[in-house]
Amino acid sequence: MYLSFFGAAKVVTGANYLLEIDKRKILIDCGLFQGSSSLREKNLEQFPYNLKDIDAVILTHAHLDHIGRLPKLIKDGFRGRIFATPATLDLTKLILEDELEVQEIPLFSRKDFEKTLDFFEPVEYYRKTTVPSLSKIYLGKGKPEISFKFLDAGHILGSSIVEIFAEGKKIVFSGDLGNSPTPLLRSTEFPSSADYILIESTYGDRNHPDFLERRDLLEDMLEEIIGEGGVLMIPSFALERTQELLYELNELVENHRIPKAPIFVDSPLAIKSIGVYKKYKRYYNREASFLLRSGDKIFDFPRLDFTKTVEESKKINNINPPKVIIAGSGMSTGGRILHHEKRYLPDPKNCLLLICYQATGTTGREFFRGAKEVEIFEERVPVRAKIKVIQGYSSHADRQGLFRWLYHIKSSAQLQDRHKVKKVFVVHGEEKPAESLAQLVKDHLGIEAEVPEHGERVEL
Ligand code: ZN
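Residue numbers (the numbering used here): 60 to 519.
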């Protein structure tokens, strides 16, 4: 069996792994490269494998850096199946349709997008499923069986850890691991064993502040900025972060813990995603389920306003401060937040609150680094507004969380002799955090660990 790394190797985007079992091939994730222009150019390259030989793509979750090249895959000749949890597939549809409209260099057309949906095959968590074979090579001969199972990754709605079973081995793909406990989702689950593990390492070298601390920080920030009559802008990922934020704002507003001010969700994608969140309440954690049962509408509270159309969005300008604006994109690389930033950043009374991961090369990263001026819509915009950061909002496990997850698998695998963890591949992280986590695994778990190169092929 061979495993190749065609994305998210020493970077955080473009997740794409190829597993070859004898002559059968499957992919795990098919994400978009994001960030610097040299990374984005990779999206246009040909896939480094014959698409007609691939039996399936198994998706871990609906973030663009895990699903964004699916329509290109179909366009270029893939004819297998696309497996994911039902919520992941619903969100994937929304995200890809949104991408269709915002893509700078067109990677796929509406036709490719629509065709992609025909390949979707929803699979629930915990249901062991066999991957059907496309290839005719095995007619009459014993073909190797490949099956898989989803566990809850607790990262975004529908997100999963993928366990793959073939040739008597078990390979675990972490996908992106959540930062449990979170306001809405269930906690990240632990596979009971593994022979090989691919683990993400976005925060492989850092720990997050406490979960409760971030809620207090948010409360303080709202009190301060609303109290001073300013505009609080929050660039936010449309998926999960916005819904989590609304969940916490719901609590703060309903318990009268912050001064009154209108709160705008100015992101069509976030608004549409809320529809999917409402459909899959069965995936929520106990606290959120309890709130729902007690009649609280989590995504509906006084002075909350959803602005779907461009016209509605423009009208936010006419509302006098104080006001709170939540808009995408989370790293200020596009979307409606840019219009608000351009308008409100020059005034020191206002505040930009960063609650998302800010990748290298993004405007968000410039804010994070304290830039006094940024470029928005080809204009230099002075940054006089306060820039605040709340780190604990990450939807990724931190160094401690990643280590704990591996530790759990290692110890429960030890009880089952057959599945001693043989090797850990550290992916989906920039070089420094990835290397740092790999070192931790070697030093403190005594398991072989490697940070693979892009394009590397290893035998399992
Ligand atoms: Zn993700």
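Quick reminder that beta carbons are idealized off the backbone N, C-alpha and C, glycines included.
Asked	Found
Proximity test, I126 beta-carbon vs the ligand ZN heavy atom, cut-off 7 Å	no
The region 111-120 contacting the region 80-90, beta-carbon criterion three pairs below 8 Å	yes
Neighbourhood of M60 by C-beta distance below 6 Å, restricted to the same chain and skipping five residues each side	I80, E226 and L519
Residue span of the beta strand (DSSP E) that contains K228, given as start and end	K228 to F232
Three CB pairs or more closer than 8 Å across the region 416-426 and the region 372-380	no
For R395, the three-state DSSP class (helix, strand or coil)	coil
Reduced DSSP category for R83 - H, G, I as helix; E, B as strand; rest coil	strand
Of the listed residues D171, P407 and K229, nearest to S252 (C-alpha basis)	K229
Enclosing alpha helix (DSSP H) for S97 [first to last residue]	S96 to E100
Closest by C-alpha distance to D235, when choosing among L110, F427, A297 and D124	D124
The ligand ZN heavy atom lying under 7 Å from the CB of H214	yes
Validate contact between the region 290-301 and the region 328-341 using beta carbons, cut 8 Å, 3 pairs	yes
Close beta carbons around S372, own chain, < 6 Å, minus the five adjacent residues each side	D325, T366 and R395
Those residues which DSSP pairs with F224 across a bridge	S206 and K229
Cut-off 8 Å between Cβ atoms - residues of its own chain near M390, not counting five sequence neighbours on either side	P294, C415, Y416, Q417, A418, T421, T422, G423 and R424
Residue burial classification, D254 (beta-carbon count within 10 angstroms, cutoff 16)	buried
Residue environment, G387, which counts as buried when at least 16 other CB atoms sit within 10 Å	buried
CA-to-CA distance, K152 to G393, given in whole angstroms	20 Å
Whole-angstrom C-beta distance between I449 and L411, which should lie under 8 Å	Not really, about 12 Å apart at Cβ, beyond 8 Å.
With 16 other Cβ atoms within 10 Å as the buried cut-off, status of Y185	exposed
Cβ-heavy atom distance, D359 to the ligand ZN, below 7 Å	no
Three-state secondary structure assigned by DSSP to Y343	strand
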